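Please read the structure below before turning to the comments.
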Amino acid sequence: MSLFDVQNVSFTYGRGKSALNDVSLRLTAGRNLGIVGESGSGKTTMLRLLLGLTRPSIGEVLLKGERLDPSNKAFMRGFRRQVQAVFQDPYSSLDPRQSVFDIIAEPIRSLKLEGDLKSMIRDALLSVGLDESAGSRYPHEFSGGQRQRIAIARAIVSRPEIILADEVVSALDLSTRVRIVELLKKLSSTVTLVLVSHDISLVALLCHDLVILERGRIVESGPTIEILKNPQHPYTRALLASTPRLPDYV
Ligand SMILES: Nc1ncnc2c1ncn2[C@@H]1O[C@H](COP(=O)(O)OP(=O)(O)O)[C@@H](O)[C@H]1O
Ligand SMILES: [Mg+2]
-5 MSLFDVQNVS FTYGRGKSAL NDVSLRLTAG RNLGIVGESG SGKTTMLRLL
45 LGLTRPSIGE VLLKGERLDP SNKAFMRGFR RQVQAVFQDP YSSLDPRQSV
95 FDIIAEPIRS LKLEGDLKSM IRDALLSVGL DESAGSRYPH EFSGGQRQRI
145 AIARAIVSRP EIILADEVVS ALDLSTRVRI VELLKKLSST VTLVLVSHDI
195 SLVALLCHDL VILERGRIVE SGPTIEILKN PQHPYTRALL ASTPRLPDYV
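Going by this note's numbering, the sequence shown opens with residue -5, and the numbers climb by one from there.
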């Protein structure tokens, strides 16, 4: 089943400068998708389009065949039940004045989901490897890796079908990074992930399919295994050469 369909999307800003140019891609249920490219290649712009935070200048984004329309409130309510996001910087993405409990409760409250809030928060905390007692503490009491776990708990608590993640491990040290990757791998048995990163080896560990972006254009896309085995485009080969090859891909 197709979850997201991006159809010939371009995004221009300023005087006709283009962050994305005629991009088409598909997110299939159960197949994690990696969007890879150097800094400035348009990855975050692509995620913002998938989240309905920006609109395409040209083209369409569809969720399960329905056009993503940020001005359609009824559609967006349904959309937020299905799609959640985790952002790059675990320091700016969590409100420092809110307890961890309230941060994680936010999607449940704003979506007015039924059920026992306390047990939902506890389950979310436990499934990201945090203790239930974390709920009464505040973001500044946690390390970067723990904060990213809190952000992931907030993204999974409402049981979405899709999680969009933008460079979620870039700000973390190597050992923390490995543990967050393991956590994402575990979660991807129940949600479909879209992972954005400049690090192709990392994304390859978690994603079944890859899209390679260079200056706003897709230069290559397809199953991860095929791209790693036989990269077609020089840009893809350069990305592979610039990061250590990790053998254990999906
Ligand atoms: N609204 C905007 N205003 C100005 N520049 C933008 C805007 N949106 C994107 N860009 C530019 O588009 C390019 C792609 O940005 P981005 O999607 O953030 O890339 P990435 O996440 O791959 O680093 C960058 O050069 C960025 O500065
Ligand atoms: Mg970015």
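By construction, the Cβ of each residue, glycine as well, lies at the ideal position given by its N, Cα and C atoms.
Everything numeric in this text was worked out from a predicted model, so none of it was measured.
message: Let me confirm a value: Thr48 is counted as buried when at least 16 other C-beta atoms fall within 10 Å, else exposed. Which label applies?
response: With at least 16 other beta carbons inside 10 angstroms of its own, Thr48 counts as buried.
- prompt: Residues with a Cβ closer than 5 Å to any heavy atom of ligand 1, in chain order?
  reply: Every residue whose beta carbon comes nearer than 5 Å to a heavy atom of ligand 1 appears here in chain order: Tyr7, Ala13, Ser33, Gly34, Ser35, Gly36, Lys37, Thr38, Thr39.
task: Can you grab the Cα-Cα spacing for the pair Leu178 / Ala147, in whole Å?
output: Whole-angstrom Cα-Cα distance: 11 Å.
query: What's the C-alpha gap between Gly36 and Val190?
result: Their Cα atoms are separated by approximately 10 Å.
query: Fully enclosed by the region 174 to 219, which beta strand (DSSP E) runs are 3 residues long or longer?
result: Positions of the beta strand (DSSP E) runs, each at least 3 residues long and wholly inside the region 174 to 219, are given as 186 to 191, 203 to 208, 211 to 217 in order along the chain.
field: Cβ pair Ala159, Ala79 closer than 9 Å
entry: Taking C-beta atoms as the reference points, Ala159 and Ala79 count as a pair closer than 9 Å.
field: Counted within 10 angstroms of its Cβ, other Cβ atoms place Ala68 as buried (16 or more) or exposed
entry: Per the 10 Å Cβ criterion, exposed.
field: Enclosing alpha helix (DSSP H) for Gly24 [first to last residue]
entry: Counting along the chain, no alpha helix (DSSP H) covers Gly24, and no H or E run does either.
- request: Please check the pair Thr22 and Leu(-3), which I expect to be a contact at CB under 8 Å, by giving their CB distance rounded to whole angstroms.
  value: Right, the Cβ-Cβ distance comes to about 7 Å (below 8 Å), so this counts as a contact.
field: Environment of His202 [buried if 16+ CB atoms lie within 10 Å]
entry: Sixteen is the threshold: when 16 or more other Cβ atoms of the shown chains lie within 10 Å of the Cβ of His202, as they do, the residue is buried.
message: For Gln92 and Leu200, I'd like the C-alpha separation in whole angstroms.
response: Looking at the two C-alpha atoms, the distance is approximately 31 Å.
Inter-residue Cα distance where the pair is Ile156 and Gly10: Straight-line Cα distance between these residues: approximately 32 Å.
message: So, at 8 Å on beta carbons, what are the nonlocal neighbours of Pro225 in its own chain, with the 5 sequence-adjacent residues on each side left out?
response: Cβ contact annotation for Pro225 (same chain, cutoff 8 Å, sequence separation greater than five): Glu214, Arg231, Leu234, in chain order.
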